[in-house]
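K.L.:
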Amino acid sequence: MTAHSGTAFTEIEATPNAEATAEPEAPVFYVTEEHGHAEGSTMLGFWIYLMSDSLIFAVLFATYGVLSRNYAAGPSPADLFDLPLIALNTSLLLFSSITYGVAMLEVEKRRMGLTLFWLGVTGLFGLGFLGIELYEFHHLIEEGAGPDRSAFLSAFFALVGTHGLHVTFGIVWLVTLMFQLPKHGFIPENRRRLLCLGMFWHFLDVIWIGVFTFVYLMGVLLA
Amino acid sequence: MTAQSERQNAVEHHDTDAHDAHDDSGSHHGSFKDYLIGFVLAAVLTAIPFWIVIYDVFRNPMVGAVVILIFAFVQIVVHMVYFLHLNSKSEGGWTVLALIFTSILVVITLAGSLWVMSHLDSNMMPMSPDQMRSMP
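Chains as they are written, first to last, in this note's numbering: chain C, 428 to 650; chain S, 60 to 195.
1. From the DSSP output, in three-state form, read off Thr429 of chain C for me.
2. Contact defined as beta carbons within less than 8 angstroms: I believe Pro615 of chain C pairs with Met539 of chain C. What is the distance between those atoms, to the nearest angstrom?
3. Buried or exposed: where does Phe556 of chain C fall if 16 or more other Cβ atoms within 10 Å of its Cβ makes it buried?
4. Got a sec: is the Cβ-Cβ distance from Ala465 of chain C to anything in chain S below 8 angstroms?
5. Cutting at 8 angstroms between CB atoms, please list the residues of its own chain near Val155 of chain S, excluding the five before and the five after it.
6. Under 8 angstroms between C-beta atoms, does Pro185 of chain S make it to chain C?
7. Under 8 angstroms, do Ile559 of chain C and Asn516 of chain C count as touching if we go by C-beta distance?
8. Could you confirm whether any beta carbon from chain C is found closer than 8 angstroms to the beta carbon of Ile107 of chain S?
9. Can you check whether the C-beta of Phe645 of chain C is within less than 8 angstroms of a C-beta belonging to chain S?
10. What does Ile135 of chain S touch in chain C if you count any residue whose Cβ is under 9 angstroms from its own?
11. Which residue's Cα is closest to the Cα of Tyr498 of chain C: C:Leu541, C:Leu580 and C:His590?
12. At the 8 angstroms Cβ level, is His629 of chain C part of the contact set with chain S, yes or no?
13. Are three or more beta carbon pairs between the stretch 560-580 of chain C and the stretch 524-542 of chain C nearer than 8 angstroms?
14. Verify the CB distance criterion: does His138 of chain S have a CB-CB separation below 8 angstroms to chain C?
15. Consider the Cβ of Thr542 of chain C: report whether some Cβ of chain S lies at a distance smaller than 8 angstroms.
16. With 16 other CB atoms within 10 Å as the buried threshold, where does Phe639 of chain C fall?
17. Which word fits Asp189 of chain S, buried or exposed, when buried means at least 16 other C-beta atoms lie within 10 angstroms of its C-beta?
18. Look at the alpha carbon of Gly152 of chain S and the alpha carbon of Val647 of chain C, and state the distance between them as a whole number of angstroms.
19. If you measure between the beta carbons of Phe132 of chain S and Val126 of chain S, is that distance less than 8 angstroms?
20. Using the Cα positions of Gly171 of chain S and Thr526 of chain C, report the straight-line distance between them to the nearest angstrom.
21. For a cutoff of 8 angstroms on Cβ pairs, would you count Arg192 of chain S as touching chain C?
22. Using 8 angstroms as the threshold, is the C-beta distance between Asp632 of chain C and Ser481 of chain C below it?
23. For Val587 of chain C and Ser479 of chain C, I'd like the C-alpha separation in whole angstroms.
24. On a Cα-Cα basis, can you pick out the residue from S:Ser162, S:His138 and S:Met183 that is closest to Leu95 of chain S?
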């Protein structure tokens, strides 16, 4: 770009001065970073996306933290939350994290069948997590503890619902890759997509640590 | 410990070893052993807080709250290291830098909101539960 504009400039000027004569020797740029590592920048970019996503969750956590005691004479966390169910949910998400890790190890060994198997297991754990969460939400709304009941419940549904929405999109992404993978094989693009989804999936597990600690456990403990 | 010393080496020979550091990024996807260690640690770090809360281990709930927050913090670090394979040399340190920056913003957001709003709350006019029930 600079070289082009430079030549155009000298043509218009038509008076070769010292700067113009120096122009043809355009500065040489040395790429100090390694070549052929194109997924590198994608991974960093995706990481920065995850960091910005955690800011969304930080704001939702802060909102929940501020409103978590405002029951409006309604039910408190100790009345509502079923901790054994949450423990089951947490373990499902944790299992899905390690099965995704195993799937990535099979990708390294280029074994299509086992990769798809472990991705499928991951998806089933994810669906189990979502199923329990939807059951919990349904149960709460049936009991009259829906998001419209109190500020505490509004903030609760916003925070936990946003996490559940992320898991839903993670599963959609997972299923998409389970179709793309057999179709195109272990091409670099697919491996890059799998790495990104892996980061996304593990990141959701990290957010869930905050949710079960800050919302469920501390809610029951301090209610 | 060896991982730490390797990291230090990588930092010391940053220029010359930059390629090596990236070439073993095959291992930055982690091994099965890594995932297993991470899984066992995460399971233990999850089970203990649930046990603390369900069986009311601490008399003082505030002590329990602080303890489970510490467990959550440690578990987040475990997940970052063993599942997200975060280390100081991945992407030339930019991932860690972005993480530190985000962590600062998260702490400011959370601590700031809770601090300011709790003061605001205690300066509000008191309201009895009866008045609260008759709220529109």
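Glycine residues also receive a C-beta, built at the ideal position from the N, C-alpha and C atoms.
Remember, it's a predicted structure, so these values are computed and weren't measured experimentally.
P.N.:
If we stick to the structure as given:
1. As a working mapping, residue 429 of chain C is identified with position 2 in the first sequence. Only weak support is given to the placement of Thr429 of chain C: the predicted model assigns it a pLDDT of 42, under 50, and the value that follows is read from those uncertain coordinates. It is helical.
2. The residue labelled residue 615 of chain C in the question sits at position 188 within the first sequence. The residue labelled residue 539 of chain C in the question sits at position 112 within the first sequence. The C-beta separation of Pro615 of chain C from Met539 of chain C comes to about 16 angstroms, leaving the pair out of contact by the 8 angstroms criterion.
3. Here residue 556 of chain C refers to the residue found at position 129 when the first sequence is read from its first residue. Buried, since its Cβ has 16 or more Cβ neighbours within 10 Å.
4. One-based indexing of the first sequence puts residue 465 of chain C at position 38. Residue confidence is low: Ala465 of chain C scores 49 on pLDDT, short of 50, so the model does not pin down where it sits. Its coordinate-derived value is still stated next. It does not; no Cβ of chain S falls within 8 angstroms.
5. Locating residue 155 of chain S in the second sequence gives position 96, where the first residue counts as 1. So the list reads Leu145, Asn146, Ser147 and Ser149, once near-sequence residues are dropped.
6. To locate residue 185 of chain S, count along the second sequence from 1; it is residue 126. The beta carbon of Pro185 of chain S sits no closer than 8 angstroms to any beta carbon of chain C.
7. Stepping through the first sequence from its first residue, residue 559 of chain C is reached at position 132. Stepping through the first sequence from its first residue, residue 516 of chain C is reached at position 89. The beta carbons of Ile559 of chain C and Asn516 of chain C sit closer together than 8 angstroms.
8. Within the second sequence, the letter at position 48 stands for residue 107 of chain S. So, not an interface residue.
9. In the first sequence, the residue the question calls residue 645 of chain C occupies position 218. With the sequence shown as reference, residue 645 of chain C is identified as Met, and Phe is not the correct amino acid for it. Closer than 8 angstroms: yes.
10. The count along the second sequence starts at 1 and reaches residue 135 of chain S at position 76. What Ile135 of chain S touches in chain C: Val633, Ile636 and Gly637.
11. For the purposes of this step, residue 498 of chain C is taken as residue 71 along the first sequence, with counting starting at 1. Looking at the Cα atoms, C:Leu580 is the closest of the given residues.
12. What you label residue 629 of chain C is simply residue 202 of the first sequence in a count that begins at 1. True, the Cβ-Cβ gap to chain S drops below 8 angstroms.
13. A contact between stretches requires three or more CB pairs, one per stretch, nearer than 8 angstroms, and the stretch 560-580 of chain C fails this requirement with the stretch 524-542 of chain C.
14. Here residue 138 of chain S refers to the residue found at position 79 of the second sequence. Nearest CB-CB separation between His138 of chain S and chain C: below the 8 angstroms threshold.
15. Locating residue 542 of chain C in the first sequence gives position 115, where the first residue counts as 1. For Thr542 of chain C, the closest Cβ of chain S is not nearer than 8 angstroms.
16. Along the first sequence, one-based indexing puts residue 639 of chain C at 212. By the neighbour-count rule (16 or more Cβ atoms within 10 Å), Phe639 of chain C is buried.
17. Taking the first residue of the second sequence as 1, we reach residue 189 of chain S at position 130. Looking at its Cβ environment, which holds fewer than 16 other Cβ atoms inside 10 Å, Asp189 of chain S is exposed.
18. Reading the second sequence from its first residue, position 93 is the one you call residue 152 of chain S. Reading the first sequence from its first residue, position 220 is the one you call residue 647 of chain C. Their Cα atoms are separated by approximately 39 angstroms.
19. Here the question's residue 132 of chain S lines up with position 73 in the second sequence. Here the question's residue 126 of chain S lines up with position 67 in the second sequence. Val126 of chain S sits away from Phe132 of chain S, with the two beta carbons spaced by 8 angstroms or more.
20. Taking the second sequence and counting its residues from 1, one reaches residue 171 of chain S at position 112. Taking the first sequence and counting its residues from 1, one reaches residue 526 of chain C at position 99. Taking the straight line from one Cα to the other gives about 38 angstroms.
21. Mapped onto the second sequence, residue 192 of chain S falls at position 133. Chain C, which has a Cβ nearer than 8 angstroms to the Cβ of Arg192 of chain S, makes this yes.
22. Sequence index remark: in the first sequence, residue 632 of chain C carries index 205 (1-based). Sequence index remark: in the first sequence, residue 481 of chain C carries index 54 (1-based). No, they are not a contact pair.
23. Residue mapping note: residue 587 of chain C aligns to position 160 of the first sequence, counting from 1. Residue mapping note: residue 479 of chain C aligns to position 52 of the first sequence, counting from 1. Rounded to whole angstroms, the gap between the alpha carbons of Val587 of chain C and Ser479 of chain C is 18 angstroms.
24. As a first step, residue 95 of chain S must be located in the second sequence, where it is residue number 36. Minimum Cα distance to Leu95 of chain S is reached at S:His138.
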